[in-house]
Amino acid sequence: MKKILILMLSALLIQAEAFPQEALFRDQNIISPEVHEDNSVTFRVFAPNAKEVQVTGDFLPTVKIHSPMGQIDGPSKAALTKDENGVWSMKTAPLGPELYNYSFIVDGFTTTDPNNPFLIRDVASAFNIFIVGGGHAELFKVNDIPHGSVTRRWYDSPGLGMDRRITIYTPPGYEQSSESYPVLYLLHGAGGDEEAWINLGRTAQIMDNLIAEGKAKPMIVVMPNGNVIQDGAPGEGSRNMYKPQFMIPKTMDGTYEGAFEDIIKFVESNYRVKADKANRAIAGLSMGGYHTLHISRYYPNTFDYMGLFSAAIMPREDATGKVYSNFDETLKAQMDNGYKLYWIAIGKTDFLYDANQQYIAKLDSMKMPYEYVESEGGHIWRNWRLYLSQFAPRLFQ
Numbered sequence: 000m001k002k003i004l005i006l007m008l009s010a011l012l013i014q015a016e017a018f019p020q021e022a023l024f025r026d027q028n029i030i031s032p033e034v035h036e037d038n039s040v041t042f043r044v045f046a047p048n049a050k051e052v053q054v055t056g057d058f059l060p061t062v063k064i065h066s067p068m069g070q071i072d073g074p075s076k077a078a079l080t081k082d083e084n085g086v087w088s089m090k091t092a093p094l095g096p097e098l099y100n101y102s103f104i105v106d107g108f109t110t111t112d113p114n115n116p117f118l119i120r121d122v123a124s125a126f127n128i129f130i131v132g133g134g135h136a137e138l139f140k141v142n143d144i145p146h147g148s149v150t151r152r153w154y155d156s157p158g159l160g161m162d163r164r165i166t167i168y169t170p171p172g173y174e175q176s177s178e179s180y181p182v183l184y185l186l187h188g189a190g191g192d193e194e195a196w197i198n199l200g201r202t203a204q205i206m207d208n209l210i211a212e213g214k215a216k217p218m219i220v221v222m223p224n225g226n227v228i229q230d231g232a233p234g235e236g237s238r239n240m241y242k243p244q245f246m247i248p249k250t251m252d253g254t255y256e257g258a259f260e261d262i263i264k265f266v267e268s269n270y271r272v273k274a275d276k277a278n279r280a281i282a283g284l285s286m287g288g289y290h291t292l293h294i295s296r297y298y299p300n301t302f303d304y305m306g307l308f309s310a311a312i313m314p315r316e317d318a319t320g321k322v323y324s325n326f327d328e329t330l331k332a333q334m335d336n337g338y339k340l341y342w343i344a345i346g347k348t349d350f351l352y353d354a355n356q357q358y359i360a361k362l363d364s365m366k367m368p369y370e371y372v373e374s375e376g377g378h379i380w381r382n383w384r385l386y387l388s389q390f391a392p393r394l395f396q
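Residue numbering for the sequence shown follows numbering that gives the first Met the number 0, starting at 0 and increasing by one per position.
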């Protein structure tokens, strides 16, 4: 019996050792991507039996592609060439400062780079990322500066009838301080969740760097989940692991906006905040911009700062909730109550560009004050990271 137990224990130890070694065997011992001194980048992948290898990513020129949102800008593709050792490679021209994403296409199959462990999830797709430094891209790096904390909390939402998961950034020194802070409520787009802004948007890195440079006031950033039928992101909530979807029921029917006070009450009951209009800001991208527009209008004396990033301002058949009634009256009430900043930003080739121009014309007709920023590009995270880095320094000054 003793020998049997020893043999079983030995087998378990061997099995346990095999799992970490498995990750080593998958590594191809290739550097990819390699960012050169001139900011050109080389991609490499070992695929000796492949007939064709391509790379696609937002460092390449854009082309029009079909999507659930209609025709949008998407990345083109570039071919890699194979050497005598079966390693495929491709070197770019020098790239500008930015956080870029990419994928490989091997014989028609899209996959991530096995030599790059740095990935992000956007809805149900995973992409590798890399940073070409300099300029505004320095805000996306983890630099040797004081850092804030990122916490995933659960809050009770009586309006939605469930406990829900939320991501909260607190600025450097919050834990050691007795100070109270202003709050930015930062909302994601369709297909996102409470992980989107912190992962794809690099919120913690942007805020750490802006605060360290003295360009933004120390603030708390609250990133909720705008999908009201979820208690948490896929893999993080009670439904556990399932494939994320781009649009799920009740995301833009007024339910989320109507229950938003639950989030504010949780934050102001659990964090040291300055709980008044002058110290509250709300902003969001795409669907989150739509939510921002309606939340700030529905609670017209709650926020002094609003940011609409590529806002999804469009008619919707399911927009039947009470939140959407009396639109003109509540928008005028918001204007009459006064505020510090109503900030609208969109890319020139964004598929929502015309809808935003129509909304701006409406504000002009009402003589409602706003600031407008127009950037290059379309409906992309590259723009939304930039908008956050431009918007945050304007807050609470």
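The C-beta atom is built at its ideal place from N, Cα and C for all residues, glycine as well.
>> I'd like to know if ILE144 contacts chain D, where contact means its C-beta is closer than 8 Å to some C-beta of that chain.
In response: Of the chains in the structure shown, none is chain D; there is only one protein chain.
> Do you know offhand how far PRO409's Cα is from LYS214's?
Replying inline: In the structure as shown, the chain begins at 0 and stops at 396. Residue 409 is therefore absent and cannot be evaluated.
>> Applying the 10 Å Cβ sphere with the 16-neighbour rule, what's the burial state of ALA203?
In response: With a 10 Å radius around the Cβ and a threshold of 16 neighbouring Cβ atoms, ALA203 comes out buried.
>> Assuming ILE205 is part of the alpha helix (DSSP H), what are its boundary residues?
In response: In the DSSP assignment, ILE205 falls within the alpha helix (DSSP H) that extends over 202-211.
>> Please report the distance separating the alpha-carbon of GLY95 from that of ASN38.
In response: Roughly 7 Å separates the two Cα atoms.
> Between the region 285-299 and the region 246-255, do three or more beta carbon pairs fall short of 8 Å?
Replying inline: Contact between the region 285-299 and the region 246-255 is established, with three or more Cβ pairs separated by less than 8 Å.
> Using a Cβ-Cβ cut-off of 7 Å (strictly less than) and excluding sequence neighbours within five positions of ASN142, which residues of its own chain qualify?
Replying inline: Taken in chain order, the residues that qualify are ASN208.
>> Spatial neighbours of PHE395 within its chain, please: C-beta separation below 7 Å, excluding the five flanking residues on both sides.
In response: Residues PRO181, LYS216, MET218 and ASN278 of the same chain have their beta carbon placed closer than 7 Å to that of PHE395, with the five preceding and five following residues left out of the count.
> Shortest alpha-carbon distance to ASN28 belongs to which of GLY73, ASN115 and PHE265?
Replying inline: Nearest C-alpha to ASN28: ASN115.
> Which ranges does the alpha helix (DSSP H) cover as unbroken runs of at least 4 residues, wholly within the region 340-386, from first to last along the chain?
Replying inline: DSSP runs (the alpha helix (DSSP H)) wholly in the region 340-386: 352-365.
>> Let me check understanding here. Comparing Cα to Cα, which of VAL266, ALA332, TYR101 and TYR386 lies closest to ALA344?
In response: Closest option to ALA344, Cα to Cα, is TYR386.
> Quick one: is PHE24 buried, meaning 16 or more other Cβ sit within 10 Å of its Cβ, or exposed?
Replying inline: Only weak support is given to the placement of PHE24: the predicted model assigns it a pLDDT of 48, under 50, and the question is left unresolved by the model.
>> Going by C-alpha to C-alpha distance, which of HIS187, TYR358, ASP363 and ALA332 sits closest to ARG384?
In response: Closest by alpha carbon: HIS187.
> Is it buried or exposed for GLU370, if we count other Cβ within 10 angstroms and need 16 for buried?
Replying inline: Label assigned to GLU370: exposed.
>> On the CB-based measure, 16 or more other CB atoms within 10 Å of its CB, does ILE128 come out buried or exposed?
In response: With 16 or more other Cβ atoms within 10 Å, it is buried.
>> Comparing C-alpha positions only, which one of PRO74, PHE103 and VAL272 sits nearest to ILE167?
In response: Among PRO74, PHE103 and VAL272, the Cα nearest to that of ILE167 belongs to VAL272.
>> For the alpha helix (DSSP H) containing ASP155, name the first residue and the last one.
In response: Premise fails: ASP155 lies in the beta strand (DSSP E), 148-156, not in any alpha helix (DSSP H).
> Which same chain residues, not among the five before or five after VAL122, have their C-beta less than 7 Å away from its C-beta?
Replying inline: The residues are GLY190, PRO243 and PHE245.
> Hey, how far is the Cα of ASP162 from the Cα of ALA211?
Replying inline: Within the model, the alpha-carbon separation for ASP162 versus ALA211 is close to 34 Å.
> Assuming TYR341 and PRO299 make a contact with CB atoms under 8 Å, what is their CB distance in whole Å?
Replying inline: With 8 Å as the limit, TYR341 and PRO299 do not qualify as a contact, their Cβ atoms being about 12 Å apart.
> What did DSSP end up calling LEU4 once you bin it into helix, strand or coil?
Replying inline: With a pLDDT of only 49 at LEU4, under 50, the local geometry of the prediction cannot be trusted, and the value read off the model is given with reservation. Three-state DSSP puts LEU4 in a helix.
>> On a Cα-Cα basis, can you pick out the residue from GLN53, GLY172 and ILE119 that is closest to ILE197?
In response: The option with the nearest alpha carbon to ILE197 is ILE119.
> For VAL266, which three-state DSSP category applies?
Replying inline: VAL266: helix per DSSP, three-state reduction.
> Touching or not, the region 45-55 and the region 77-85, by the rule of three or more beta carbon pairs under 8 Å?
Replying inline: Yes: at least three Cβ pairs fall under 8 Å.
>> Could you tell me which whole beta strand (DSSP E) segments of length 3 or greater appear in the region 250-310?
In response: Within the region 250-310, the complete beta strand (DSSP E) runs of at least 3 residues are 279-284 and 304-308.
> Under three-state DSSP, which class holds ARG330?
Replying inline: The amino acid occupying residue 330 in the given sequence is Leu; Arg does not appear at that position. The three-state reading of DSSP puts LEU330 in helix, counting H, G and I together.
> Can the beta-carbon of VAL54 be found closer than 8 Å to that of LEU79?
Replying inline: For the 8 Å CB-CB criterion, VAL54 and LEU79 form a contact.
> What's the C-alpha gap between TYR295 and ALA311?
Replying inline: Checking the sequence shown, residue 295 turns out to be Ser, not Tyr. C-alpha separation (whole angstroms): 15 Å.
> Where does TRP380 land, buried or exposed, given buried means 16+ other C-beta within 10 angstroms?
Replying inline: So TRP380 ends up on the buried side.
> Is the distance from the Cβ of SER399 to the Cβ of ILE144 below 8 Å?
Replying inline: No information on residue 399 is available, as it lies outside the stretch 0 to 396 that the chain covers here.
> In this structure, does DSSP put GLN244 in helix, strand or coil?
Replying inline: Three-state DSSP puts GLN244 in coil, outside helix and strand.
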